[in-house]
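Protein chains: 2
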Amino acid sequence: MASLPGVEPSEQITPAELRLATRNHGMPLEALAYDVTPAGLHYLLIHYDIPVVDGEAWRLSVGGSVARSLSLSLADLRARPSVTRAVTMECAGNGRARLSPRPISQPWLLEAVGTAEWTGVPLRDLLLEAGVDDSAIEVRFRGLDRGVEGGEAQSYERALPVEDAMRDEVLLAWGMNGAPLPPQHGFPLRLVVPGWYGMTSVKWLSEITVSADPFEGYQQVRGYRLRQTPDEPGEPVTRMVVRSLMIPPGVPDFATRERLVEVGPCVVRGRAWSGLGAVAGVEVSVDGGVSWRPARLGPSVSPWAWRSWEFEWDAAEPGDYELCCRASDAAGNVQPLEAPWNLGGYANNAVHRVPVRVE
Amino acid sequence: MASLPGVEPSEQITPAELRLATRNHGMPLEALAYDVTPAGLHYLLIHYDIPVVDGEAWRLSVGGSVARSLSLSLADLRARPSVTRAVTMECAGNGRARLSPRPISQPWLLEAVGTAEWTGVPLRDLLLEAGVDDSAIEVRFRGLDRGVEGGEAQSYERALPVEDAMRDEVLLAWGMNGAPLPPQHGFPLRLVVPGWYGMTSVKWLSEITVSADPFEGYQQVRGYRLRQTPDEPGEPVTRMVVRSLMIPPGVPDFATRERLVEVGPCVVRGRAWSGLGAVAGVEVSVDGGVSWRPARLGPSVSPWAWRSWEFEWDAAEPGDYELCCRASDAAGNVQPLEAPWNLGGYANNAVHRVPVRVE
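Chains as they are written, first to last, in the working numbering: chain L, 1194 to 1552; chain R, 1194 to 1552.
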């Protein structure tokens, strides 16, 4: 495997990966404490540069295979009936840097997730107003962010099948956590597709194009595919697979992030989510995955957001432990002990393991 | 040098450094476009975990060598006369990962900076109300964040000489950019010491202790010292040395962050700051530092914040270029081509170099 292009057998991170890691950031796992992730703690993955957009001059165009093209200002969009939905969003590459050999891209460990309250207009309402042709199969979304990827200069662009674009929960969001979108989350407008990995929720949206042809842009046919080799077409990455994460208990060592827990009762808390069905259960192991016991599930924050869980651990004996959590969903999916490898490092939902020392 | 503990001769980043880099984050350099950094884009360096604090139950104590101890709620502090100051803050370790051999800690490249509008009460007013004893030499600040560092369990704690603590510009801030402090920036209250590196501006503040003895805690006598070897005491890191950064022009390649610029006129923009005197000038080189021409300085955002600059570059010929910028301050300091090495990787203000390809 080590001879494949774009993968790295070493545990050490390359300078190019560090350039990505100092820009993009995860949600520190202690922020799993919040139902809704405070702005600035939500994960960020930005392919190119954050555009500086003049909200007064900006317009959204809706065109292509429609009866009536639309051109809307931010004020037009804000004047329409709006909805607010709490949505958990995860980067498709979350966990990539834990794979071996390691796919070379943004080197996420585990933290590329967050939950925000997005406010905006249902995409369906705009598509119905524009009138989608019977010939249409996809809706394409283009952002204002530009860069080079796979050797091609491009705007960030993705497409959704019409039936997914017309789903009730899909939003064109102009607000996040009760405020206008921050620049880094797509000001003035972004797509939010609940249940899907974050690459789908195009930021800095400028053009929506209804199309009778499949989109063959880089982010659709090269990026975000589950492949074993660069030559195969692979399967598209779509919905988030089931995952749970815990708040690492105790206190950290600054340099290593290793955890120190005081002897005694310890409540372990976390969150779980799936884009394929409601969370059905969470189990915890305190012996590295040898034995498992059920955690107590709390409420979901919304139908599209993570569910809290907690587990009472009696850390009575000093020593070294490995805490693990794994979730299952209503569709019958369970987090694996090891996730299957793929070239892009996508959809890695292996159980979360946290070594702790009890003293 | 490579045999020193805590330094790494390799260009490759270790797994422990990656664990820090996925939590802490810099300000993507295109955000130098904003006078005041939007919340969520300001750099963050968090030694331990972000505490979850109940703002209703929290109190600040002011004690030690004072005539009257104080205990104040957040409401008490918000009811006092407040001031708002725009302040540029930089991490003392900014640039660390560019040093060779590389000190092992948070692996910053260049982006550990930001400017915020902090709102709060002058620290001096509280100290005057408490009545500082004549015997006092320092004021200590303790945060609610706890962890292990250098083998010691500790709260994050730093001290300032009384004369620095009494300066007009030093704030106890409860607001950032017009909103309550976000959790990651120190909710409900933090110290803000304009002109100093960020380690001084203790977050999640719980105790202020006026003292007749010098503080000998880890962050004062081990961390944040300029040393060549682990055994020497070294000099304390204090004020920010002069630095300029530019917005990398053109568009990036996703994987490498290398820049592509179109042939033609190109305005290069950036910011400059110093904690040792007003910014006096910025120069730009388009030939890797062989020749330099002055940039045009814009206004400072405030006496404590960065100053904008711009430079008109005629990128008339295709080819590879290395753009550089360097600032000088009113105290006569100039950014060096190479910064002196030290064991902690602090205060590295080498000129900013941006390779670009013109096509």
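For glycine and all other residues, C-beta sits at the position ideal for the given N, C-alpha and C.
1. Is there a Cβ from chain R that is less than 7 Å from the Cβ of V1341(L)?
2. Using a Cβ-Cβ cut-off of 7 Å, state whether F1504(L) counts as contacting chain R.
3. Measure the C-alpha to C-alpha separation of A1473(R) and V1434(R) and round it to an integer number of angstroms.
4. Using a Cβ cut-off of 9 Å, pull out every chain R residue sitting near S1298(L), in sequence order please.
5. If you drop the 5 nearest sequence neighbours on each side, which residues of the same chain put their C-beta closer than 6 Å to that of P1387(R)?
6. Does any residue of chain L bring its CB to less than 7 Å from the CB of L1302(R)?
7. Going by DSSP, what residue range makes up the beta strand (DSSP E) through Y1514(R)?
8. Would L1267(R) and P1375(R) be called neighbours here (beta carbons separated by less than 7 Å)?
9. On the CB-based measure, 16 or more other CB atoms within 10 Å of its CB, does P1221(L) come out buried or exposed?
10. Going along chain R, which residues have a C-beta under 9 Å from P1442(L)?
11. Are any of the Cβ atoms in chain L nearer than 7 Å to that of T1215(R)?
12. Are G1313(L) and T1402(L) closer than 7 Å when you measure CB to CB?
13. Report back the beta-carbon spacing between C1518(L) and G1463(L) to the nearest angstrom; my notes put them in contact at under 8 Å.
14. Determine the extent of the beta strand (DSSP E) in which E1350(R) is found, giving its start and end residues.
15. Determine, using beta carbons only, whether L1238(L) comes closer than 7 Å to chain R.
16. Hey, would you say V1479(R) sits closer than 7 Å to V1551(R), going by beta carbons?
17. Please name the residue in R1452(R), P1442(R), L1364(R) whose C-alpha comes closest to that of C1459(R).
18. For V1245(R), decide whether its Cβ has a neighbour in chain L, counting only Cβ atoms nearer than 7 Å.
19. Closer than 7 Å by beta-carbon distance: list the chain L residues that pair up with E1204(R), in chain order.
20. Mind checking E1531(L): buried by the 16 CB within 10 Å criterion, or exposed?
21. Between S1258(R) and the ligand NAP, is there a pair consisting of the residue's CB and a ligand heavy atom that are separated by less than 6 Å?
22. If you check the beta carbons only, do Y1236(R) and D1338(R) fall under 7 Å apart?
23. Assuming contact is defined by CB atoms lying nearer than 7 Å, are S1264(R) and R1252(R) in contact in what I supplied?
24. Buried or exposed: which applies to A1232(R), given that a residue is buried once 16 or more other Cβ atoms fall within 10 Å of its Cβ?
25. Consult DSSP for D1480(L) and reduce its assignment to one of helix, strand or coil.
26. Report the three-state DSSP secondary structure of A1374(L) (helix, strand or coil).
27. With 7 Å set as the bound, which would you pick, yes or no: does the beta-carbon of R1519(L) sit closer than that to a beta-carbon of chain R?
28. Residues of chain L with CB under 7 Å from Q1377(R), in chain order?
29. Let's see if you can read the secondary structure: which residues bound the alpha helix (DSSP H) around V1414(R)?
30. Please check if any C-beta of chain L sits within less than 7 Å of the C-beta of G1538(R).
31. Mark G1525(R) as exposed unless 16 or more other C-beta atoms lie within 10 angstroms of its C-beta, in which case mark it buried.
32. Taking just the CA atoms, how far does V1306(L) sit from D1357(L)?
33. Does L1211(R) have its Cβ less than 7 Å from a Cβ in chain L?
34. Under three-state DSSP, which class holds L1303(L)?
35. Are the CB atoms of E1204(L) and P1208(R) nearer to each other than 7 Å?
36. Is the Cβ-Cβ distance between P1202(L) and P1294(L) less than 7 Å?
The short version:
1. Working through the first sequence from its first residue, we reach residue 1341(L) at position 148. So yes, V1341(L) belongs to the interface.
2. Mapped onto the first sequence, residue 1504(L) falls at position 311. F1504(L) does not count as touching chain R.
3. Indexing the second sequence from 1 puts residue 1473(R) at position 280. Indexing the second sequence from 1 puts residue 1434(R) at position 241. CA-to-CA, the gap between A1473(R) and V1434(R) works out to about 13 Å.
4. Taking the first sequence and counting its residues from 1, one reaches residue 1298(L) at position 105. Within 9 Å Cβ-Cβ: F1447, A1448.
5. Looking up residue 1387(R) in the second sequence gives position 194. If we look at P1387(R) and ignore the five residues flanking it on each side, its Cβ neighbours are V1280, E1362, W1497.
6. For the purposes of this step, residue 1302(R) is taken as residue 109 along the second sequence, with counting starting at 1. Yes, because at least one Cβ of chain L sits closer than 7 Å to the Cβ of L1302(R).
7. Reading the second sequence from its first residue, position 321 is the one you call residue 1514(R). For Y1514(R), the uninterrupted beta strand (DSSP E) run begins and ends at 1512-1522, by DSSP.
8. The residue given as residue 1267(R) occupies position 74 in the second sequence. The residue given as residue 1375(R) occupies position 182 in the second sequence. Taking 7 Å as the Cβ cut-off, L1267(R) and P1375(R) do not qualify as a contacting pair.
9. As a position in the first sequence, residue 1221(L) is number 28, starting the count at 1. Burial state of P1221(L) is buried, judged by a 10 Å Cβ sphere holding 16 or more other Cβ atoms.
10. Taking the first sequence and counting its residues from 1, the one referred to as residue 1442(L) is at position 249. Those within 9 Å of P1442(L) in chain R number zero; the least Cβ separation is about 10 Å.
11. Taking the second sequence and counting its residues from 1, one reaches residue 1215(R) at position 22. With 7 Å as the cut-off, T1215(R) counts as an interface residue toward chain L.
12. As a first step, residue 1313(L) is located in the first sequence; it is residue number 120 there, counting from the start. As a first step, residue 1402(L) is located in the first sequence; it is residue number 209 there, counting from the start. In this structure, T1402(L) does not lie closer than 7 Å to G1313(L) by Cβ.
13. Translated into the one-based positions of the first sequence, residue 1518(L) becomes position 325. Translated into the one-based positions of the first sequence, residue 1463(L) becomes position 270. That belief holds up - the Cβ atoms of C1518(L) and G1463(L) are roughly 6 Å apart, short of 8 Å.
14. Walking along the second sequence from the start, residue 1350(R) turns up at place 157. The continuous beta strand (DSSP E) containing E1350(R) extends over residues 1345-1354.
15. Here residue 1238(L) corresponds to residue number 45 of the first sequence, with the count starting at 1. So, not an interface residue.
16. The sequence position of residue 1479(R) within the second sequence is 286, counting from 1. The sequence position of residue 1551(R) within the second sequence is 358, counting from 1. Against a cut-off of 7 Å, the Cβ pair of V1551(R) and V1479(R) comes out as no contact.
17. Position 266 of the second sequence, counted from the start, is the residue given in the question as residue 1459(R). Nearest of R1452(R), P1442(R), L1364(R) to C1459(R), Cα basis: P1442(R).
18. Locating residue 1245(R) in the second sequence gives position 52, counting from the first residue. Yes, V1245(R) counts as interfacial toward chain L.
19. The residue given as residue 1204(R) occupies position 11 in the second sequence. Correct list: P1208.
20. Position 338 of the first sequence holds residue 1531(L). By the beta-carbon neighbour count (other beta carbons within 10 angstroms, threshold 16), E1531(L) is exposed.
21. Of the ligands one can find in the structure shown there are none, so the ligand NAP has no counterpart to examine.
22. Here residue 1236(R) is taken as the residue at index 43 of the second sequence, counted from 1. Here residue 1338(R) is taken as the residue at index 145 of the second sequence, counted from 1. No, these two residues do not count as a Cβ contact at 7 Å.
23. Working through the second sequence from its first residue, we reach residue 1264(R) at position 71. Working through the second sequence from its first residue, we reach residue 1252(R) at position 59. A contact, by the Cβ cut-off of 7 Å.
24. Locating residue 1232(R) in the second sequence gives position 39, counting from the first residue. Per the 10 Å Cβ criterion, buried.
25. Mapped onto the first sequence, residue 1480(L) falls at position 287. The answer is strand: DSSP assigns D1480(L) an E or B state.
26. To locate residue 1374(L), count along the first sequence from 1; it is residue 181. First, the residue type needs correcting, since residue 1374(L) is Leu and not Ala in the sequence shown. In the structure shown, L1374(L) falls within a coil segment according to DSSP collapsed to helix, strand and coil.
27. Here residue 1519(L) is taken as the residue at index 326 of the first sequence, counted from 1. Chain R, which has no Cβ nearer than 7 Å to the Cβ of R1519(L), makes this no.
28. For this step, residue 1377(R) is matched to residue 184 along the second sequence. Within 7 Å Cβ-Cβ: G1233, L1234.
29. Residue 1414(R) sits at position 221 when you count from the first residue of the second sequence. Going by DSSP, V1414(R) is part of the alpha helix (DSSP H) stretching over 1411-1414.
30. Locating residue 1538(R) in the second sequence gives position 345, where the first residue counts as 1. Closer than 7 Å: no.
31. Sequence index remark: in the second sequence, residue 1525(R) carries index 332 (1-based). G1525(R) comes out exposed.
32. Along the first sequence, one-based indexing puts residue 1357(L) at 164. Along the first sequence, one-based indexing puts residue 1306(L) at 113. Distance from the CA atom of D1357(L) to the CA atom of V1306(L), rounded to whole angstroms, is 22 Å.
33. Here residue 1211(R) refers to the residue found at position 18 of the second sequence. Nearest CB-CB separation between L1211(R) and chain L: below the 7 Å threshold.
34. By 1-based counting over the first sequence, the position of residue 1303(L) is 110. DSSP places L1303(L) in the coil class of the three-state scheme, outside both helix and strand.
35. Working through the first sequence from its first residue, we reach residue 1204(L) at position 11. Working through the second sequence from its first residue, we reach residue 1208(R) at position 15. Taking the C-beta atoms as reference points, P1208(R) is found nearer than 7 Å to E1204(L).
36. Here the question's residue 1202(L) lines up with position 9 in the first sequence. Here the question's residue 1294(L) lines up with position 101 in the first sequence. Contact: yes.
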